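Chemist: I'd like to ask you about the structure that follows.
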Amino acid sequence: MALNVLVTGAAGFIGFHTCQSLLGRGDRVLGIDNLNDYYDVTLKQARLSQLEAHQAFQFQKIDLADREGIAKLFVSHKFDRVIHLGAQAGVRYSLENPFAYIDSNVTGTLTILEGCRHHSVPHLVYASSSSVYGNNVKLPFAESDSVDHPISLYAATKKSDELMAHTYSHLFGLPTTGLRFFTVYGPWGRPDMALFKFTKAILDGKPIDVYNQGIMKRDFTYVADIVNAVVAVSDSIPTPNHQWDSTQSDPASSSAPYRVFNIGNHQSVDLLHFISVLENAVGKKAIINLMPMQAGDVPNTYADIETLNQAVGYVPTTSIEIGVPRFVEWYREFYNITNR
Numbered sequence: 111m112a113l114n115v116l117v118t119g120a121a122g123f124i125g126f127h128t129c130q131s132l133l134g135r136g137d138r139v140l141g142i143d144n145l146n147d148y149y150d151v152t153l154k155q156a157r158l159s160q161l162e163a164h165q166a167f168q169f170q171k172i173d174l175a176d177r178e179g180i181a182k183l184f185v186s187h188k189f190d191r192v193i194h195l196g197a198q199a200g201v202r203y204s205l206e207n208p209f210a211y212i213d214s215n216v217t218g219t220l221t222i223l224e225g226c227r228h229h230s231v232p233h234l235v236y237a238s239s240s241s242v243y244g245n246n247v248k249l250p251f252a253e254s255d256s257v258d259h260p261i262s263l264y265a266a267t268k269k270s271d272e273l274m275a276h277t278y279s280h281l282f283g284l285p286t287t288g289l290r291f292f293t294v295y296g297p298w299g300r301p302d303m304a305l306f307k308f309t310k311a312i313l314d315g316k317p318i319d320v321y322n323q324g325i326m327k328r329d330f331t332y333v334a335d336i337v338n339a340v341v342a343v344s345d346s347i348p349t350p351n352h353q354w355d356s357t358q359s360d361p362a363s364s365s366a367p368y369r370v371f372n373i374g375n376h377q378s379v380d381l382l383h384f385i386s387v388l389e390n391a392v393g394k395k396a397i398i399n400l401m402p403m404q405a406g407d408v409p410n411t412y413a414d415i416e417t418l419n420q421a422v423g424y425v426p427t428t429s430i431e432i433g434v435p436r437f438v439e440w441y442r443e444f445y446n447i448t449n450r
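Whatever position you read off the sequence shown (first residue = 1), add 110 for this note's numbering.
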């Protein structure tokens, strides 16, 4: 049976792909986005034009922090699911414009929680981030690990989202699931992300900045794998864990209908190897400018995905050797680059 789904951040990278997946299986989707200029708005509009070709898709331009506007949205529509992916993205930008992160990621999530609470939405799925793990040195990162020491405001807002969601699950019985994404990449990706910036620079013959002298590892996760998990999780409504013990508490579970999952590729890849795969896909060598570590960044990420596998059977299938060339192919086509 077709579901009515609200997707926030529908013009964003993961939001766009999630809408496509939901529409592809026959759901009706209302997408919202404020189309801010944090990165190229024409790319966001191009994503929307793809979605608007579907009769079952509607779009409304609205800011998540618009309390009255979001409240009216929930009054005029009955949602079977809310997939909350809208946020102010970017770890480094949070050092420059912190208030944008509070407005969008904290206040914006609160307006969505309130809408779900007052209109008895059966399940809210929301985006968290691997950045909540901060400088954890235990690898791979597991949902049972402590995440009480964020090292960027972006990470702090994502941890705040998890805490607020738990409060609403506990007080109002609202089923919520948080998803900690690990370095998502793929076609229609974000221009502020490494793969996009590196591809553009290599094609333009310009140097790429590689931080921490290149001694970094990332759990690069292909967007189709991410979206498969998002949709599967949205159909798996959490229930209270009656075995939850506050004296030996698991922060990713609760006596309330609340869960948190990692979504990653379960593989930590050397950044310099990732760049070599990109060089092969582009057909040009990169000019590498080695730089010191940036504030708010971490040297390693690596997702333990066992709990997600147990919950919904999640198994990522796309290696960087497959996913990176797919991005480069999309990039060349989208920007009409044939001679470089």
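Built from N, CA and C at the ideal position, the CB exists for glycine as well.
As the structure is a computational prediction, the values presented were derived from the model and not from experiment.
Applying the 10 Å Cβ sphere with the 16-neighbour rule, what's the burial state of D314?
Modeler: What you label residue 314 is simply residue 204 of the sequence shown in a count that begins at 1. The residue in question, D314, is exposed, as its Cβ has fewer than 16 Cβ neighbours within 10 Å.
Chemist: For F189 versus L263, is the C-beta spacing smaller than 8 Å?
Modeler: Taking the sequence shown and counting its residues from 1, one reaches residue 189 at position 79. Taking the sequence shown and counting its residues from 1, one reaches residue 263 at position 153. No, these two residues do not count as a Cβ contact at 8 Å.
Chemist: If we count the other Cβ atoms within 10 Å of its Cβ and call it buried at 16 or more, is K395 buried or exposed?
Modeler: Taking the first residue of the sequence shown as 1, we reach residue 395 at position 285. Exposed, because fewer than 16 other Cβ atoms sit within 10 Å of the Cβ of K395.
Chemist: Hey, how far is the Cα of N399 from the Cα of I347?
Modeler: Counting from 1 along the sequence shown, the entry for residue 399 is found at position 289. Counting from 1 along the sequence shown, the entry for residue 347 is found at position 237. Straight-line Cα distance between these residues: approximately 46 Å.
Chemist: Assuming N419 is part of the alpha helix (DSSP H), what are its boundary residues?
Modeler: One-based indexing of the sequence shown puts residue 419 at position 309. 416 to 422 is the extent of the alpha helix (DSSP H) around N419.
Chemist: Mapping DSSP to helix, strand and coil, what is K310?
Modeler: Position 200 of the sequence shown holds residue 310. Correct three-state label for K310: helix.
Chemist: Within 10 angstroms of the Cβ of T349, are there 16 or more other Cβ atoms? Answer buried if so, exposed if not.
Modeler: Position 239 of the sequence shown, counting from 1, holds the residue named residue 349. Exposed, by the Cβ-count rule.
Chemist: In the structure shown, what three-state DSSP assignment does P208 receive?
Modeler: Translated into positions along the sequence shown, residue 208 becomes position 98. Of the three classes helix, strand and coil, the one that applies to P208 here is helix, per DSSP.
Chemist: Buried or exposed: which applies to K154, given that a residue is buried once 16 or more other Cβ atoms fall within 10 Å of its Cβ?
Modeler: Here residue 154 corresponds to residue number 44 of the sequence shown, with the count starting at 1. Counting Cβ neighbours within 10 Å, K154 comes out buried, since at least 16 surround it.
Chemist: Could you pull the start and end residues of the alpha helix (DSSP H) that K171 belongs to?
Modeler: As a first step, residue 171 is located in the sequence shown; it is residue number 61 there, counting from the start. Element bounds for K171: not the alpha helix (DSSP H) but the beta strand (DSSP E), 167 to 171.
Chemist: Given this structure, state the Cα-to-Cα distance separating V392 from S364, to the nearest angstrom.
Modeler: The residue given as residue 392 occupies position 282 in the sequence shown. The residue given as residue 364 occupies position 254 in the sequence shown. Approximately 47 Å between the Cα atoms of the pair.
Chemist: When DSSP builds the beta bridges, which residues end up paired with G136?
Modeler: Position 26 of the sequence shown, counting from 1, holds the residue named residue 136. In the DSSP output, where bridge partners are listed per residue, G136 has none listed.
Chemist: CA-CA distance, K307 and Y445?
Modeler: Walking along the sequence shown from the start, residue 307 turns up at place 197. Walking along the sequence shown from the start, residue 445 turns up at place 335. K307 and Y445: Cα-Cα distance of roughly 14 Å.
Chemist: Helix, strand or coil for K154 per DSSP?
Modeler: On the sequence shown, residue 154 is found 44 positions in, with the first residue counted as 1. Helix.
Chemist: Measure from the alpha carbon of A181 to the alpha carbon of each residue in E224, L133, V192, then state which is nearest.
Modeler: On the sequence shown, position 71 is the one that residue 181 refers to. When only C-alpha atoms are compared, the closest one is E224.
Chemist: Okay, do the segment 319 to 338 and the segment 269 to 278 touch, 3+ Cβ pairs below 8 Å being the bar?
Modeler: Output reads no: the segment 269 to 278 does not touch the segment 319 to 338.
Chemist: Which full runs of the beta strand (DSSP E) of 3+ residues lie inside the segment 358 to 415, going along the chain?
Modeler: For the segment 358 to 415, whole beta strand (DSSP E) runs of length 3 or above, ordered along the chain, are 368 to 373, 397 to 400.
Chemist: Please state whether DSSP places H127 in a helix, a strand or coil.
Modeler: Against the sequence shown, residue 127 aligns to sequence position 17. Residue state, collapsed to three classes: helix.
Chemist: Taking 8 Å as the limit between beta carbons, can you name the residues of its chain near A175, skipping five residues before and five after?
Modeler: Here the question's residue 175 lines up with position 65 in the sequence shown. Around A175: D213, S214, T217, G218, T221.
Chemist: Relative to the C-alpha of A265, which candidate in T287, V434, P208, A166 has its C-alpha closest?
Modeler: Taking the first residue of the sequence shown as 1, we reach residue 265 at position 155. Checked all of T287, V434, P208, A166; the closest Cα to A265 is P208.
Chemist: Can you tell me the Cα-Cα spacing of A342 and T428, whole angstroms?
Modeler: Against the sequence shown, residue 342 aligns to sequence position 232. Against the sequence shown, residue 428 aligns to sequence position 318. Taking the straight line joining both Cα atoms gives about 17 Å.
Chemist: Mind checking which residues open and close the alpha helix (DSSP H) that includes S344?
Modeler: Here residue 344 refers to the residue found at position 234 of the sequence shown. Where S344 is concerned, the enclosing alpha helix (DSSP H) stretches over 333 to 344.
Chemist: Once the 5 residues before and after G200 are set aside, which same chain residues still bring their CB inside 8 Å of it?
Modeler: As a first step, residue 200 is located in the sequence shown; it is residue number 90 there, counting from the start. Excluding residues within five positions, the ones whose Cβ falls inside 8 Å are Y148, Y264, D302.
Chemist: What is the residue span of the alpha helix (DSSP H) that V434 lies within?
Modeler: Numbered from its first residue, the sequence shown carries residue 434 at position 324. Residues 430 to 444.
Chemist: Closer than 8 Å is the cut-off here; do at least three beta carbon pairs connect the segment 382 to 392 with the segment 352 to 369?
Modeler: Judged by Cβ distances under 8 Å, the segment 382 to 392 makes no contact with the segment 352 to 369, as fewer than three pairs qualify.
Chemist: What do you get for I336, buried or exposed, if any count of 16 or more other CB atoms within 10 angstroms of its CB means buried?
Modeler: For the purposes of this step, residue 336 is taken as residue 226 along the sequence shown, with counting starting at 1. So I336 counts as buried.
Chemist: Is it true that the segment 416 to 436 meets the segment 137 to 147, where meeting means three or more beta-carbon pairs spaced less than 8 Å apart?
Modeler: No, because fewer than three Cβ pairs between the segment 416 to 436 and the segment 137 to 147 fall closer than 8 Å, the two stretches do not touch.
Chemist: Would you give the residue range spanned by the beta strand (DSSP E) that R191 belongs to?
Modeler: Residue mapping note: residue 191 aligns to position 81 of the sequence shown, counting from 1. Counting along the chain, the beta strand (DSSP E) containing R191 begins and ends at 191 to 194.
Chemist: Taking the Cβ atom as the reference point for each residue, do A413 and D345 lie within a distance shorter than 8 Å?
Modeler: Within the sequence shown, the letter at position 303 stands for residue 413. Within the sequence shown, the letter at position 235 stands for residue 345. Not a contact, by the Cβ cut-off of 8 Å.
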